[in-house]
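Protein chains in written order, with the working numbering: chain A, 323 to 473; chain B, 84 to 389. Where is the CB? At the ideal position from N, CA and C, for every residue including glycine. Have a look at the structure below before the remarks.
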C-alpha cells in the first residue's frame, strides 16, 4: 500500500483532496482558508503519482465542503478528486468539474476592467470546461486556466 | 420592441429580429426626425471620457424627440474626480433621468451600471469593449445603401486588431449571410479569437495583407479604419505599411456601382480627400444615420415605439 493511501486511511472523519497539481497545493490552502482551521490538516506536496508524476494531497479532519466551496476549487484546480470519509470509510468520491459560472473567485486580468476599479463581484462565464477558459461577464476578456488569479 | 425598456449594453444580447426592429424604427426617424414623443422626459448623457461626436449625436437625438438633456462631457468636472464611485453617480443621476446614455473609459462599466441602475443604460462606448450604437448605425448604413444585410461582400480594411467597431460588426453580422474580407498589415490583423468566432458562427471570411484593385472591384462595402502609429512597436514597420492602406479615388475606377465606403470617423489620412466627391463615399451620411439610430435606441429603451 502506498504511503498516501495510508494517510487517507488514517482519517476517521473528514475530507481528502487528491490529485492536486503540485504548483496549486497552496492555492487550495488559501482558497479553503485551511490556515485558519483548528482541526488536524495534513498537507502533502510533491508526492509521487503514477498519473501526474508529482501531485499534492490535502487531508482535513472533521470538515466537509459545500457544493459552492467545491465549485470554487474546481476553478483553480480542475480535475481533482474529493473523497469524504466517515468512520474510516469512504462515503463519497467524486471528480470535480468546472461550473458554468464563476462568481467572486477569480480576478479579471484586464487592468481596464471595471471590476478592478469598483467594488464589483467578478463574474466569469466558463466558455470551455475542458480547457478551463473563462470570459469576464463585464469586459469580455478571456482568461485561460494557466493565467487564473484569485481575488 | 427590441429592448422593451431595457438597457442596451452589447449587440451580443440582441436577436436578429431585435436588430432588424431597431433598424426599421431608425428608418421611420429618418423620414421624420422631429417627433416630440419624449416630451417631459429627461435623458442624461454621462461622458466619463470625452467623445464629442457620439455625445452630440445622442444629445441631438434626444432634443429632436423633445426630451430635456442633462449630463457632463468630461469626468474631470464631476464628483467622480473626487472619488465618487460609478455606482453612486448612477444612483444619483437615476433620481433625475428616465434613461442614461453613458460613455466610460473602463471596460464593462456599462454592464455594471445597468446592474445597479433603476433606469435603462445605453452604452455609448466602454473602453475598447463595446459601442453598440456605432455598430447599429453601420448596419443601418449598409442596409439602407444595399437594401439587404445578407449576401454582401464586405471588406474591412486597416486596424483589425484593436478596431472595436470591426469586432462589434462581426458580432452583429453573425445573423446574416454576408462574406467578409479582412485586409490589414500583419501587425494589425484580425485577432485569432474573432476568426474563431466567425468560424463558430458560420461567417465566411478570407484574409489578405494587400489592399488592391481586385479586392476593391469585388466589394459591396469597404469599411475603412485608421491605422494608428501608436499601435506599432516598430516605427519602421509603420512607415512601410502606412501608405498601403490608404484609399484613393483612382483606386475606385473598377468598383461596383453599388459600392459604398464606410468609416467610423474621425478620419486622418486613410481615405484621401479626393474620394469625398466620389458617389461611393458614404462616411459623412453614415455619421448622420447615427442620429436616426440613436433616436430609435433611446425610444426603444423607454419602451416607446413609433
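Is there a Cβ from chain B that is less than 7 Å from the Cβ of residue i?
| i | result |
| --- | --- |
| residue 394 of chain A | no |
| residue 468 of chain A | no |
| residue 342 of chain A | no |
| residue 442 of chain A | yes |
| residue 453 of chain A | no |
| residue 431 of chain A | no |
| residue 456 of chain A | no |
| residue 330 of chain A | Reliability fails at residue 330 of chain A, whose pLDDT of 49 lies under 50, so the model's placement of it is uncertain and the value that follows must be treated cautiously. So no, residue 330 of chain A is outside the interface. |
I want to see whether chain A comes within less than 7 Å of residue i, judged by CB atoms only; does it?
| i | result |
| --- | --- |
| residue 212 of chain B | yes |
| residue 169 of chain B | yes |
| residue 189 of chain B | yes |
| residue 255 of chain B | no |
| residue 144 of chain B | no |
| residue 107 of chain B | no |
If you compare alpha carbons, which of the options is closest to residue i?
| i | options | result |
| --- | --- | --- |
| residue 379 of chain B | B:236, B:100, B:110 | B:110 |
| residue 344 of chain B | B:157, B:233, B:138, B:304 | B:304 |
| residue 326 of chain B | B:163, B:267, B:249 | B:267 |
| residue 131 of chain B | B:306, B:169, B:229 | B:169 |
| residue 438 of chain A | A:411, A:397, A:426 | A:426 |
| residue 349 of chain A | A:453, A:404, A:380 | A:380 |
| residue 372 of chain B | B:358, B:295, B:346, B:155 | B:346 |
| residue 451 of chain A | A:461, A:406, A:400, A:405 | A:400 |
| residue 94 of chain B | B:255, B:359, B:369 | B:255 |
| residue 281 of chain B | B:262, B:92, B:383 | B:262 |
| residue 345 of chain A | A:382, A:446, A:366 | A:366 |
| residue 332 of chain A | A:441, A:383, A:465, A:433 | A:383 |
| residue 140 of chain B | B:358, B:186, B:314 | B:186 |
| residue 205 of chain B | B:177, B:278, B:230 | B:177 |
| residue 396 of chain B | B:340, B:278, B:334, B:275 | No information on residue 396 of chain B is available, as it lies outside the stretch 84 to 389 that chain B covers here. |
| residue 251 of chain B | B:222, B:324, B:158 | B:222 |
| residue 342 of chain A | A:378, A:445, A:357, A:460 | A:378 |
| residue 386 of chain A | A:415, A:398, A:458 | A:415 |
| residue 361 of chain B | B:388, B:331, B:154 | B:331 |
| residue 172 of chain B | A:395, A:428, A:391, A:440 | A:440 |
For residue i, is the classification buried or exposed, using 16 other Cβ atoms within 10 angstroms of its Cβ as the cut-off for buried?
| i | result |
| --- | --- |
| residue 247 of chain B | buried |
| residue 408 of chain A | exposed |
| residue 376 of chain A | exposed |
| residue 336 of chain A | buried |
| residue 212 of chain B | buried |
| residue 420 of chain A | buried |
| residue 135 of chain B | exposed |
| residue 472 of chain A | exposed |
| residue 353 of chain B | buried |
| residue 99 of chain B | exposed |
| residue 241 of chain B | buried |
| residue 90 of chain B | buried |
| residue 323 of chain A | With a pLDDT of only 47 at residue 323 of chain A, under 50, the local geometry of the prediction cannot be trusted, and no value is derived from it. |
| residue 231 of chain B | exposed |
| residue 269 of chain B | exposed |
| residue 443 of chain A | exposed |
| residue 215 of chain B | buried |
Quick one: what's residue i bridged to in DSSP?
| i | result |
| --- | --- |
| residue 371 of chain A | A:375 |
| residue 185 of chain B | B:129, B:206 |
| residue 287 of chain B | B:262 |
| residue 414 of chain A | A:406 |
| residue 98 of chain B | Its beta-bridge partners do not exist; DSSP assigns none. |
| residue 428 of chain A | A:472 |
| residue 375 of chain B | Answer is none; residue 375 of chain B lacks a bridge partner. |
| residue 238 of chain B | B:264, B:305 |
| residue 155 of chain B | B:129 |
| residue 445 of chain A | A:425 |
| residue 450 of chain A | A:455 |
| residue 380 of chain A | A:339, A:365 |
| residue 190 of chain B | A:435 |
| residue 330 of chain B | B:354 |
| residue 343 of chain B | B:304 |
| residue 464 of chain A | A:457 |
For a contact meaning CB atoms closer than 7 Å, what does residue i contact in chain A?
| i | result |
| --- | --- |
| residue 195 of chain B | 436, 440, 442, 460 |
| residue 192 of chain B | 436 |
Mind pulling the chain B residues with CB within less than 7 Å of residue i?
| i | result |
| --- | --- |
| residue 464 of chain A | 276 |
Under the criterion of a Cβ to heavy atom distance below 6 Å, does residue i qualify as lining the ligand MG?
| i | result |
| --- | --- |
| residue 400 of chain A | As for the ligand MG, it is missing from this structure, which has no ligand bound. |
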